[in-house]
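First to last, the protein sequences are chains Z and D.
The working numbering numbers the first residue of the first sequence as 782 and each following residue consecutively.
The working numbering numbers the first residue of the second sequence as 782 and each following residue consecutively.
Where is the CB? At the ideal position from N, CA and C, for every residue including glycine.
Beneath this line is the structure, given in structure tokens, with notes to follow.
There are 2 protein chains.
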Amino acid sequence: MQSLLSNLKININEKIYLKDPESSALGKRIVENSILLIDELGFDAFTFKKLGAKIGSNESSIYRYFESKHNVLIYLTSWYWTWLEYQLVFTTNSIENPIQKIEKAIVILTRNTVIDSDFSHINEVLLKQIVINEYSKSYLTKEVDEENKDGYFKVYKRLVTRLHDMILAVDANYTYAFSLASTVIDGALHQHFLKDHFTTISDLKPEESPTNYFKDLVFKSLNISTHE
Amino acid sequence: MQSLLSNLKININEKIYLKDPESSALGKRIVENSILLIDELGFDAFTFKKLGAKIGSNESSIYRYFESKHNVLIYLTSWYWTWLEYQLVFTTNSIENPIQKIEKAIVILTRNTVIDSDFSHINEVLLKQIVINEYSKSYLTKEVDEENKDGYFKVYKRLVTRLHDMILAVDANYTYAFSLASTVIDGALHQHFLKDHFTTISDLKPEESPTNYFKDLVFKSLNISTHE
DNA sequence: TCATTTATGATAGTATTACTATTATATTTG
DNA sequence: CAAATATAATAGTAATACTATCATAAATGA
Chain Z
782 MQSLLSNLKI NINEKIYLKD PESSALGKRI VENSILLIDE LGFDAFTFKK LGAKIGSNES
842 SIYRYFESKH NVLIYLTSWY WTWLEYQLVF TTNSIENPIQ KIEKAIVILT RNTVIDSDFS
902 HINEVLLKQI VINEYSKSYL TKEVDEENKD GYFKVYKRLV TRLHDMILAV DANYTYAFSL
962 ASTVIDGALH QHFLKDHFTT ISDLKPEESP TNYFKDLVFK SLNISTHE
Chain D
782 MQSLLSNLKI NINEKIYLKD PESSALGKRI VENSILLIDE LGFDAFTFKK LGAKIGSNES
842 SIYRYFESKH NVLIYLTSWY WTWLEYQLVF TTNSIENPIQ KIEKAIVILT RNTVIDSDFS
902 HINEVLLKQI VINEYSKSYL TKEVDEENKD GYFKVYKRLV TRLHDMILAV DANYTYAFSL
962 ASTVIDGALH QHFLKDHFTT ISDLKPEESP TNYFKDLVFK SLNISTHE
């Protein structure tokens, strides 16, 4: 992973930003510190003014990169899904056996996030927290359909589709491949949230990931006998 | 259902409101029109000023019932979960067979919502839309833990626990009863959203509910053979 | 019935937000 | 080194999410 990705740039849909934040030092500081500040304050209390103060820059300068804080959230979550997709594809690509492949995929998609030194200005652990706590706010808006047309959610949908394809590779007759795929990807985020905040309705221990639950769910849904 | 509930009042945690909206005509108009207006504008663009204009009342009067629009959302979603819980309990209570019981439960929890004439000022169909589009915003906040302590999410958690208990009644050795229960309840909301907005990653037809998917998911997870 | 409590309405005010617009000053590049 | 480009500084705006105060209307109870 390290060496493969170290020369890559995560490409984000150009409609999401006004000026590519990867193209300048200020842009990178905006992204880097957006992650820190959204994690600290929550997306609702996050403002460009506060971000400007944090990076010693001016509010108006940030507006030249992103037209709104909503688009910063779209940018960050797109970055996350793209990064996850890379991990998924690189890790499972060489696996021939469709059962082993989907098993590995579930691990990637549901595990606790680890630091990735390839992108120095992105703190992946905090970014994952942001995805857990804020992602649904990016699409639960009156503008979803319009933004969907502009490709704001393309990476996320492509990720769901990849898992969908792996499901069908195991069982071409399974009727609910998309539903099951999105259940794993979105459900994993939700289970992480429940573990941290609604502990009385979570089966997970503090450091535990929902991986085994989702493996069990998918394997049984596809009639794969568990081997262990 | 009709006759049973027609004399009942849905009780909501007193900490959620300042003055019980069920205790006055104005209160009921606030609730009734909050549903209409949040559905129309989305929660983000919904304000007490606009609501006041809609009901021909004053912003300041609304503030005597709810301390914030956030609390209106908590109130409405609590109402919805309580109403769903009643339906769940009344409908499944008499069923002895745990498999038939959980099957019925899944239907109640995942079906498309029908009008309920028992609560004249509440439009349950629009309320369900609000739950789909806005519920997660009610807990994805920096104040969750505090509000959770104040019981803001009690009904939702109790509903998950009821399904959890039904799962264990079928298979006491199933390890992920809470995770599966919340997957059904929250997943159903999410699948409704995907059907309406991200159609390319949904298996559902426009009028179809995700009921069959969730039946299949739960039955296979609990090793219940499908009969049909 | 009338005094009192209680509910509602009207108005004003505040700090903050989410921007837009303009102008000035650095910094980069050809 | 001039011109283009990026960033900073400042000001301004309409709207939001309230709080506070005072006035008036409606309900209640003695």
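query	result
Chain Z contact for residue 981 (chain D) (CB, 9 Å cutoff)	yes
C-alpha distance - residue 950 (chain Z) paired with residue 964 (chain D), whole-angstrom precision	24 Å
Which of helix, strand or coil DSSP assigns to residue 902 (chain D)	coil
Beta-carbon contacts of residue 784 (chain Z) that lie in its chain and below 6 Å, excluding the five residues immediately before and after	Because residue 784 (chain Z) sits at a pLDDT of 46, beneath the cut-off of 50, its placement in the model cannot be relied upon, and the following sentence gives the value as read from the coordinates. There are no such residues.
Residue of D:1003, D:806, D:997 minimising C-alpha distance to residue 901 (chain D)	D:806
Euclidean distance between Cα positions of residue 944 (chain Z) and residue 811 (chain D)	44 Å
Contact the region 884 to 904 of chain Z vs the region 855 to 872 of chain Z: 3+ CB pairs below 8 Å	yes
Contact list for the region 911 to 936 of chain Z against chain D, Cβ threshold 8 Å	914, 915, 917, 918, 920, 921, 922, 923, 925, 926, 929, 934
Within 9 Å, strictly: CB atoms of residue 970 (chain D) and residue 919 (chain D)	no
Contact check, residue 816 (chain D) vs residue 913 (chain D), beta carbons under 9 Å	no
Where the alpha helix (DSSP H) through residue 939 (chain Z) begins and ends	935 to 951
Collapsed DSSP secondary structure at residue 848 (chain Z) in the structure displayed	coil
Short CB-CB distance (under 9 Å) between residue 952 (chain D) and chain Z	no
Interface partners of residue 956 (chain D) on chain Z, CB under 9 Å	984, 993, 994, 997
Beta carbon proximity, residue 832 (chain D) to chain Z, threshold 9 Å	no
Range covered by the alpha helix (DSSP H) that runs through residue 1010 (chain Z)	Within the shown structure, residues of chain Z are numbered from 782 to 1009, placing residue 1010 (chain Z) beyond reach of any answer.
Exposure label - residue 981 (chain Z); buried when at least 16 CB within 10 Å	exposed
Chain D residues whose Cβ lies nearer than 8 Å to that of residue 1001 (chain Z)	1001, 1002, 1004
Alpha-carbon to alpha-carbon, residue 907 (chain Z) and residue 851 (chain Z)	18 Å
Close-in-space but distant-in-sequence residues of the same chain around residue 894 (chain Z) (CB under 7 Å, 5 per side omitted)	905, 906, 909
Simplified DSSP state of residue 977 (chain Z), which is helix, strand or coil	helix
Buried or exposed (CB count within 10 angstroms, at least 16 for buried), residue 814 (chain Z)	buried
Under 7 Å by beta carbon: chain D residues contacting residue 909 (chain Z)	Near residue 909 (chain Z) there are no residues of chain D at all, since even the closest Cβ is about 14 Å away, more than 7 Å.
Helix, strand or coil at residue 875 (chain D) [DSSP, three-state]	coil
Proximal residues to residue 961 (chain D) (C-beta, below 7 Å), its chain only, five neighbours per side dropped	948, 999, 1002
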